[in-house]
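Which chain is which? The protein sequence lines are Y and G, in order.
Quick note: the first sequence uses the numbering used here, first residue 61, plus one each step.
Quick note: the second sequence uses the numbering used here, first residue 61, plus one each step.
Protein chains: 2
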Amino acid sequence: MPVNLDPPGPDRLRSVPGVTLGIAEAGIRKANRKDLLLIRLDEGAEAAGVFTRNRFCAAPVTVCKAHLAAAPIRALVVNTGIANAGTGSRGIADARATCAAVAELIGCRPEQVLPFSTGVINEFLPMERIKAGLPRCRAHLGADHWFDAARAIMTTDTVPKAASRTVAIEGKTVTITGISKGAGMIKPNMATMLGFIATDAAVTRPVLQRLVQEVADRSFNCITVDGDTSTNDSFVLIATGKAGHAPIADAGSPGYAVLRSALEAVAVELAQAIVRDGEGATKFITVRVEGGRDQQECRAVGYAIAQSPLVKTAFFASDPNLGRILAAVGNAGIDDLDVGGVRLWLDDVLVASGGGRDPGYREEDGARVMKQVEITVRVDLGRGAARATIWTCDFSYDYVRINADYRS
Amino acid sequence: MPVNLDPPGPDRLRSVPGVTLGIAEAGIRKANRKDLLLIRLDEGAEAAGVFTRNRFCAAPVTVCKAHLAAAPIRALVVNTGIANAGTGSRGIADARATCAAVAELIGCRPEQVLPFSTGVINEFLPMERIKAGLPRCRAHLGADHWFDAARAIMTTDTVPKAASRTVAIEGKTVTITGISKGAGMIKPNMATMLGFIATDAAVTRPVLQRLVQEVADRSFNCITVDGDTSTNDSFVLIATGKAGHAPIADAGSPGYAVLRSALEAVAVELAQAIVRDGEGATKFITVRVEGGRDQQECRAVGYAIAQSPLVKTAFFASDPNLGRILAAVGNAGIDDLDVGGVRLWLDDVLVASGGGRDPGYREEDGARVMKQVEITVRVDLGRGAARATIWTCDFSYDYVRINADYRS
Numbered sequence: 061m062p063v064n065l066d067p068p069g070p071d072r073l074r075s076v077p078g079v080t081l082g083i084a085e086a087g088i089r090k091a092n093r094k095d096l097l098l099i100r101l102d103e104g105a106e107a108a109g110v111f112t113r114n115r116f117c118a119a120p121v122t123v124c125k126a127h128l129a130a131a132p133i134r135a136l137v138v139n140t141g142i143a144n145a146g147t148g149s150r151g152i153a154d155a156r157a158t159c160a161a162v163a164e165l166i167g168c169r170p171e172q173v174l175p176f177s178t179g180v181i182n183e184f185l186p187m188e189r190i191k192a193g194l195p196r197c198r199a200h201l202g203a204d205h206w207f208d209a210a211r212a213i214m215t216t217d218t219v220p221k222a223a224s225r226t227v228a229i230e231g232k233t234v235t236i237t238g239i240s241k242g243a244g245m246i247k248p249n250m251a252t253m254l255g256f257i258a259t260d261a262a263v264t265r266p267v268l269q270r271l272v273q274e275v276a277d278r279s280f281n282c283i284t285v286d287g288d289t290s291t292n293d294s295f296v297l298i299a300t301g302k303a304g305h306a307p308i309a310d311a312g313s314p315g316y317a318v319l320r321s322a323l324e325a326v327a328v329e330l331a332q333a334i335v336r337d338g339e340g341a342t343k344f345i346t347v348r349v350e351g352g353r354d355q356q357e358c359r360a361v362g363y364a365i366a367q368s369p370l371v372k373t374a375f376f377a378s379d380p381n382l383g384r385i386l387a388a389v390g391n392a393g394i395d396d397l398d399v400g401g402v403r404l405w406l407d408d409v410l411v412a413s414g415g416g417r418d419p420g421y422r423e424e425d426g427a428r429v430m431k432q433v434e435i436t437v438r439v440d441l442g443r444g445a446a447r448a449t450i451w452t453c454d455f456s457y458d459y460v461r462i463n464a465d466y467r468s
Numbered sequence: 061m062p063v064n065l066d067p068p069g070p071d072r073l074r075s076v077p078g079v080t081l082g083i084a085e086a087g088i089r090k091a092n093r094k095d096l097l098l099i100r101l102d103e104g105a106e107a108a109g110v111f112t113r114n115r116f117c118a119a120p121v122t123v124c125k126a127h128l129a130a131a132p133i134r135a136l137v138v139n140t141g142i143a144n145a146g147t148g149s150r151g152i153a154d155a156r157a158t159c160a161a162v163a164e165l166i167g168c169r170p171e172q173v174l175p176f177s178t179g180v181i182n183e184f185l186p187m188e189r190i191k192a193g194l195p196r197c198r199a200h201l202g203a204d205h206w207f208d209a210a211r212a213i214m215t216t217d218t219v220p221k222a223a224s225r226t227v228a229i230e231g232k233t234v235t236i237t238g239i240s241k242g243a244g245m246i247k248p249n250m251a252t253m254l255g256f257i258a259t260d261a262a263v264t265r266p267v268l269q270r271l272v273q274e275v276a277d278r279s280f281n282c283i284t285v286d287g288d289t290s291t292n293d294s295f296v297l298i299a300t301g302k303a304g305h306a307p308i309a310d311a312g313s314p315g316y317a318v319l320r321s322a323l324e325a326v327a328v329e330l331a332q333a334i335v336r337d338g339e340g341a342t343k344f345i346t347v348r349v350e351g352g353r354d355q356q357e358c359r360a361v362g363y364a365i366a367q368s369p370l371v372k373t374a375f376f377a378s379d380p381n382l383g384r385i386l387a388a389v390g391n392a393g394i395d396d397l398d399v400g401g402v403r404l405w406l407d408d409v410l411v412a413s414g415g416g417r418d419p420g421y422r423e424e425d426g427a428r429v430m431k432q433v434e435i436t437v438r439v440d441l442g443r444g445a446a447r448a449t450i451w452t453c454d455f456s457y458d459y460v461r462i463n464a465d466y467r468s
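The structure is reproduced here in structure tokens:
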């Protein structure tokens, strides 16, 4: 059961002028499920992406990077079931063949297609079934299929993840809609699991590239479920330019700030949705670290807490075993940390100060907060002004069950 | 159930001339269990130790470091139940008061006593009960109580951990006996959970200090259960000098090599015992990384595999989901890793080569190895001659149960 996460109804997702989406059952790994998604972009659209830093990056990630550098993008193709990662040169050939099949269907060059895969690592794509499914995706293309698209890219997700916003730029209404997937193998590193956000804003390519990095750093790059960075993480931002305002060509312009803020809101909602639907999650934890010398050490402390199996099982048990959080802070790699200056809160309850349990702390106050479904852990390192926030979930029996069963 | 780990019978543990041990029920956290251990050393013994690098290191660790620098050690005192970590200045005072009580009992200075604690973090020691228990420890002192001692320092351990060896130096029989504890919050960093090894070899203090570090680096510093470095990790090496050979004062001497090798064998056995009895463990995994540029990157790859919850749950499920191991290799932080040169074996089965699944790999071969209780994962990075070995266990429902229940 995801934590405080309503699946977005199809009616709550706005279509983005210039973007159509079609899905099909291709039987990639399991029968009777939609597992293939085609996203077509009108001419004039710009796309930019950030991708996993896992050195065993998947074949489609390698192909995506090359294609984004080469030509204006006209389509994205996404399959679930098999990740096409750890597949060597045959995997690259398969990803390229998928692009070629899409290009022939919609009338563009293969380099104008971005391929994405998610699912089991170390297995090859069933190319015949993918090629057979693509015409059905094309036949299904429509502007209002965002919900279907979110459902078609799920793996161990229990609900589809999508979000929409509108903002005004130069008096024109600009729409932003995005989808994401992911529940396990989640610790995005400069990218994310699969995330796609489209807007009809008009943005030049260099500005879009900057936006995608800035937005990723404040959303998908702030979450962890299990600390495992996927081989296939990809986050792509699409701007179709249909909204009618003058193109945003300068990161200092007012339109840039408005658009970035709205994109960030959509991306944070999608990133948090991944954590709320994290494998086996029963709680949603916000780890806020402040008082650091720089953001990097705040993030290191945040992840040390958010990834500790001992901290995560204590949250699952609603046990205010707060020493485990202090131990995680001590393990974050800050060699000159003065623990006497560290303070720790659970929501508004001051738990630790002066290197130990705060004199005013009462166990029943900690226990009360730990029973909640949403909890904020706040750590003040007491050595600077930097801060960072990490979102994570707890660690339950179901995480083990899901990952011991997956594939079978 | 620990993995292939027979509890050492009291008869298999040799006493070490110059060392006596006594235990008692002090009721530190739970009734009806031996939870206090006193180890007395004869005059002339040398001791050296390495300790946790967790910045929230426990009060006894701080006191140990100061006492080791100050005076020849005459006694060690260990309690289980409460870790005296995250306890600020009151924790330091409690650790010192424990040393003072021991010193008064056995007739030495407080600085000649080393204190150790293990158990729940962020709670204070019950000093009156500890002081009341110490005379009972002294009354129980005996040379053949190593097994009792191993049992008295357990927390979530299911079996006591101890090992013995003898070697000959200059024709004299030298005995080495050690004990350790630990099952969770295990990723020692330059130290270990509690580990104590004593020998009647004669060793100068500088040589002993070098030995303790070298032995720790090849034993306790090569294991992980859950990636969480404890606040209380301590490994102490004691040399009583009773064996009758000339003192080893030079790391280049033949006696040094013989002694180091035997100490390492005892330490590896104790370190592996911690993994075999890891919380919820059903399998014992050896991760051997070779072909690296330096040992550090081999260790990083080894830990990336050994700490991945996805890899660990796949071992629990006996599922040859080998893509998860490749993903972990890719996440180890080697930015210039050429994945085309990486090879992966499960025992003798070549699984991956050339950036993907090896052409000769058959799933049934991987499945056969994964069913075993002891498995070696071997990774050749194909870029150098360095190597490293990490030992770990799988990740089961019971890990969650144990850590969600602990404290309650």
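By construction, the Cβ of each residue, glycine as well, lies at the ideal position given by its N, Cα and C atoms.
Burial state of residue i (16 or more Cβ within 10 Å)
{"i": "G/Pro-431", "result": "It should be pointed out that residue 431 of chain G corresponds to Lys in this sequence rather than to Pro. The residue is exposed, with fewer than 16 neighbouring Cβ atoms inside 10 Å."}
{"i": "G/Ala-364", "result": "buried"}
{"i": "G/Met-245", "result": "buried"}
{"i": "Y/Met-61", "result": "exposed"}
{"i": "Y/Asp-95", "result": "buried"}
{"i": "Y/Ala-199", "result": "exposed"}
{"i": "G/Asn-64", "result": "exposed"}
{"i": "G/Thr-233", "result": "exposed"}
{"i": "G/Glu-188", "result": "exposed"}
{"i": "Y/Lys-247", "result": "buried"}
{"i": "Y/Lys-90", "result": "exposed"}
{"i": "Y/Glu-329", "result": "buried"}
8 Å Cβ cutoff, residue i in contact with chain Y
{"i": "G/Met-61", "result": "no"}
{"i": "G/Leu-382", "result": "yes"}
{"i": "G/Ile-246", "result": "no"}
{"i": "G/Ala-427", "result": "no"}
{"i": "G/Val-328", "result": "no"}
{"i": "G/Ile-394", "result": "yes"}
{"i": "G/Val-399", "result": "yes"}
{"i": "G/Asn-281", "result": "no"}
{"i": "G/Ala-412", "result": "yes"}
Cutoff 8 Å: residue i Cβ touching any chain G Cβ
{"i": "Y/Arg-115", "result": "yes"}
{"i": "Y/Ile-345", "result": "no"}
{"i": "Y/Asn-463", "result": "yes"}
{"i": "Y/Ser-321", "result": "no"}
{"i": "Y/Thr-147", "result": "yes"}
{"i": "Y/Asn-92", "result": "no"}
Residue i: contacting residues in chain C (beta-carbon distance under 9 Å)
{"i": "Y/Gly-151", "result": "This model lacks chain C altogether, as its protein chains are Y and G."}
Paired residues, beta bridge with residue i - DSSP
{"i": "G/Glu-434", "result": "G/Phe-344"}
{"i": "Y/Leu-97", "result": "Y/Ile-83, Y/Val-138"}
{"i": "Y/Leu-410", "result": "Y/Trp-405"}
{"i": "G/Glu-106", "result": "G/Ala-299"}
{"i": "G/Ile-246", "result": "DSSP output for G/Ile-246 lists no bridge partner at all."}
{"i": "G/Ala-448", "result": "G/Val-349"}
Cβ-heavy atom distance, residue i to the ligand COA, below 7 Å
{"i": "G/Asn-144", "result": "What this structure holds is no ligand at all, so the ligand COA is not there to describe."}
(request) Check each residue of the stretch 440-459 of chain Y: if its Cβ is closer than 8 Å to any Cβ of chain G, include it; give the result in chain order. (result) Within the stretch 440-459 of chain Y, the residues whose Cβ lies closer than 8 Å to some Cβ of chain G are Phe-455, Ser-456, Tyr-457, Tyr-459, listed in chain order.
(request) May I ask you to verify whether the stretch 140-149 of chain G touches the stretch 170-184 of chain G, counting CB pairs closer than 8 Å and requiring at least 3? (result) The answer is yes - the stretch 170-184 of chain G touches the stretch 140-149 of chain G, with three or more Cβ pairs under 8 Å.
(request) Taking 8 Å as the threshold, find out whether the stretch 303-316 of chain Y comes into contact with the stretch 122-140 of chain Y through three or more Cβ pairs. (result) no
(message) Closer than 8 Å between beta carbons: that is the criterion. Which residues of the stretch 359-389 of chain Y meet it against chain G?
(response) Listed in sequence order: Gln-367, Ser-368, Pro-369, Leu-370, Thr-373, Ala-374, Phe-376, Ala-377, Asp-379, Asn-381, Leu-382, Gly-383, Arg-384, Leu-386, Ala-387, Ala-388, Val-389.
(message) Short of 8 Å Cβ to Cβ, which residues in the stretch 286-297 of chain Y face chain G?
(response) Asp-286, Gly-287, Asp-288, Thr-289, Ser-290, Thr-291
(request) Taking only beta carbons into account, state which residues of the stretch 172-191 of chain Y come closer than 9 Å to chain G, listed in chain order. (result) Flagged, chain order: Val-180, Ile-181, Asn-182, Glu-183, Phe-184.
(request) Please list the residues of the stretch 123-145 of chain Y that have a C-beta atom closer than 9 Å to any C-beta atom in chain G, keeping them in chain order. (result) Ala-143, Ala-145
(message) Would the stretch 381-394 of chain Y count as touching the stretch 103-121 of chain G if we require 3 or more Cβ pairs under 8 Å?
(response) yes
(request) Decide yes or no for the touch test of the stretch 314-321 of chain Y against the stretch 403-420 of chain Y: beta carbon pairs closer than 8 Å, at least 3 of them. (result) They do not touch, by the three-pair rule.
(request) Would you check if the stretch 257-274 of chain G and the stretch 440-449 of chain G touch, i.e. whether three or more CB-CB distances between them fall below 8 Å? (result) no
(message) Check whether the stretch 350-363 of chain Y and the stretch 253-261 of chain Y are in contact - that is, three or more C-beta pairs closer than 8 Å.
(response) no
(request) Specify whether the stretch 207-214 of chain G and the stretch 77-87 of chain G touch according to this definition: at least 3 beta carbon pairs, one from each stretch, less than 8 Å apart. (result) yes
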